[in-house]
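Trainee: What follows is a structure written as structure tokens; I'll ask about it next.
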Ligand code: UGA
């Protein structure tokens, strides 16, 4: 099939590559010329584990191509996927749909033959109706259907997740459109669950899933705080809970709060939709407020563990919103560092992948270390904010040799408490004494 993908970010590019691997002809279109030039020349614009090889393979074979020319991409396509950004509005926090609407308006002119327009971006419930109306207005004779086709890819694991989906949700209001997408995803038949639902249910499924996961993280974080006070151990509690298949083991890792370009944006948008429809989503509202509060509390914990009179050095490991990505958008680590620097002028940070992105946000308000050990030089406390494998396997004696005071605050619970204490550190983490 011929597929056009509009938007070549963390959703569009891995999806395009995945669909090319399934045997389709994929044309990716983006407004940003440098992006298209870079992708056409074989330089991927984002990092995703396992992406490079497939990207090169299909780019070279011609199954995957890149253009700024909407007409070239859309004309004759069987499916056009909208994968543009839906950033939060700075004040209302609603998903801003200007890129979706602009893309719909533009693509409408070039529809040629029956086309399914599928929305991959996370969009508020009812957006499909709007997109349908925009296309109709621009091109009243076009033969098309608008479908919601939410994606559930995790950043950093997008290629893996594309080929191993937990489910494929197709939100189509008619049989014809549904059948086109069933054909496109036929290679997954028997391998995963297909959920054929109406468009609004599909749009809701995406938000309800992300909001639920965010609440699950908030829940385990709250439990961790409880364990600290009550003398229980959150690792044991999470394990005991997770063994119940109704609860599940995943997303029970306590931390400094959830972040990234999806959960904060989507929980806010969902809460806003609840207000709009007069169906208040109290659990989500609480999750958002408490997750924000948590980051401030974590920064306070760092500051409180230092002798205020000495302006002691704070070493920070990790800036990305989670391990495995260079993305600092809505990163709890960045929020915590930003809070810490309100109280300290002696902060040195290190992240294996996210330093450049972090610099764009906090600039020279902190020092940037060459590596993890360099960050610890003469430090009075080491704070771990992102779970990178190299932190887990770091040489404790080497760290000890670098630091002035041997104190570690592990806000990702990634080090082995017994080993770290045996190596002579004053070690604190989340959810246990
Ligand atoms: C999330 C969802 O997991 C994907 O299914 C979804 O497709 C994507 O959003 C999206 O809407 O596009 P992602 O933002 O890449 O994916 O990141 P996650 O791996 O879900 O982590 C989000 C945040 O939660 C991170 O800050 C992470 O550190 C935190 N987290 C996650 C925890 O604190 N504890 C956990 O147990 C799990």
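In this note's numbering, the protein residues as written are 1335 to 1767.
Just so it is clear, CB atoms sit at the ideal spot from N, CA and C, and this is done for glycine as well.
A quick note: this is a predicted structure, and the numbers were derived from the prediction, not measured.
If you check the beta carbons only, do residue 1741 and residue 1764 fall under 7 Å apart?
Mentor: No, the Cβ-Cβ distance between residue 1741 and residue 1764 is not below 7 Å.
Trainee: By DSSP, does residue 1762 sit in helix, in strand, or in coil?
Mentor: Three-state DSSP puts residue 1762 in a strand.
Trainee: Is residue 1505 helix, strand or coil by DSSP?
Mentor: The answer is strand: DSSP assigns residue 1505 an E or B state.
Trainee: Considering only their Cβ atoms, is the gap separating residue 1360 from residue 1337 smaller than 7 Å?
Mentor: Contact flag set, yes.
Trainee: Verify whether the separation of the beta carbon atoms of residue 1417 and residue 1505 is less than 7 Å.
Mentor: Not closer than 7 Å, so no.
Trainee: Count the other C-beta atoms from every protein chain shown that fall within 10 angstroms of the C-beta of residue 1721, then say buried if there are 16 or more, exposed otherwise.
Mentor: So residue 1721 counts as buried.
Trainee: List the whole-angstrom C-beta distance separating residue 1487 from residue 1500, where the pair is believed to meet the contact cut-off of C-beta under 8 Å.
Mentor: Not a contact, Cβ separation roughly 11 Å.
Trainee: Hey, residue 1549 and residue 1621: beta-carbon distance below 7 Å or not?
Mentor: Closer than 7 Å, so yes.
Trainee: Under 6 Å from any heavy atom of ligand 1, does the C-beta of residue 1522 make it?
Mentor: No, since every heavy atom of ligand 1 falls outside the 6 Å radius drawn around the Cβ of residue 1522.
Trainee: Would you mind sorting residue 1533 into buried or exposed? The rule is 16 or more other CB atoms within 10 Å of its CB.
Mentor: Per the 10 Å Cβ criterion, buried.
Trainee: Starting from residue 1304, trace the alpha helix (DSSP H) both ways and give me its first and last residue.
Mentor: Since the displayed the chain opens at 1335 and closes at 1767, residue 1304 lies outside it and no answer follows.
Trainee: Taking DSSP as the reference, what is the three-state secondary structure of residue 1452?
Mentor: The answer is strand: DSSP assigns residue 1452 an E or B state.
Trainee: Based on Cα-Cα distance, which residue from 1637, 1535, 1588, 1335 lies nearest to residue 1503?
Mentor: Closest option to residue 1503, Cα to Cα, is 1535.
Trainee: Quick one: does the C-beta of residue 1631 sit closer than 6 Å to a heavy atom of ligand 1?
Mentor: No, the Cβ of residue 1631 stays beyond 6 Å of every heavy atom of ligand 1.
Trainee: I'd like the span of the alpha helix (DSSP H) that includes residue 1546, first residue to last.
Mentor: Residue 1546 -> alpha helix (DSSP H) spans 1533-1564.
Trainee: For the segment 1413-1433 and the segment 1388-1405, state whether three or more C-beta atom pairs, one from each stretch, are separated by less than 8 Å.
Mentor: Too few Cβ pairs lie closer than 8 Å, so no.
Trainee: Per DSSP, which residues does residue 1359 bridge with? Please list them.
Mentor: Beta-bridge pairing links residue 1359 to 1336.
Trainee: Between residue 1592 and chain C, is any beta-carbon pair separated by less than 7 Å?
Mentor: No chain C is present in this structure, which holds just one protein chain.
Trainee: Determine the contact status of residue 1673 and residue 1633, defining contact as a CB-CB distance below 7 Å.
Mentor: It is a contact, given that the beta carbons lie within the stated cut-off.
Trainee: By DSSP's criteria, residue 1414 is part of a beta bridge. Which residues make up the other side?
Mentor: For residue 1414, which the question treats as bridged, DSSP gives the partners 1338, 1451.
Trainee: I need the DSSP call for residue 1344, collapsed to helix, strand or coil.
Mentor: Coil.
Trainee: Identify whether residue 1422 lies in helix, strand or coil by the three-state DSSP scheme.
Mentor: DSSP places residue 1422 in strand when its eight states are reduced to three.
Trainee: So, helix, strand or coil for residue 1461, using DSSP?
Mentor: Reduced to three states, the DSSP call for residue 1461 is helix.
Trainee: Which residues share a DSSP beta bridge with residue 1399?
Mentor: Answer by DSSP bridge pairing, in chain order: 1361.
Trainee: Among 1411, 1425, 1471, which has the Cα closest to the Cα of residue 1320?
Mentor: Residue 1320 lies beyond the residue range present for the chain, which begins at 1335 and ends at 1767; the question has no answer from this structure.
Trainee: Find out if the Cβ-Cβ distance for the pair residue 1442, residue 1472 is shorter than 7 Å.
Mentor: Against a cut-off of 7 Å, the Cβ pair of residue 1472 and residue 1442 comes out as a contact.
Trainee: Please determine if the segment 1367-1376 and the segment 1446-1466 are in contact, where contact requires at least 3 C-beta pairs separated by less than 8 Å.
Mentor: Because the criterion of three Cβ pairs below 8 Å is not met, the segment 1367-1376 and the segment 1446-1466 do not touch.
Trainee: Could you check whether the Cβ of residue 1433 sits closer than 6 Å to any heavy atom belonging to ligand 1?
Mentor: Not under cutoff, so the answer is no.
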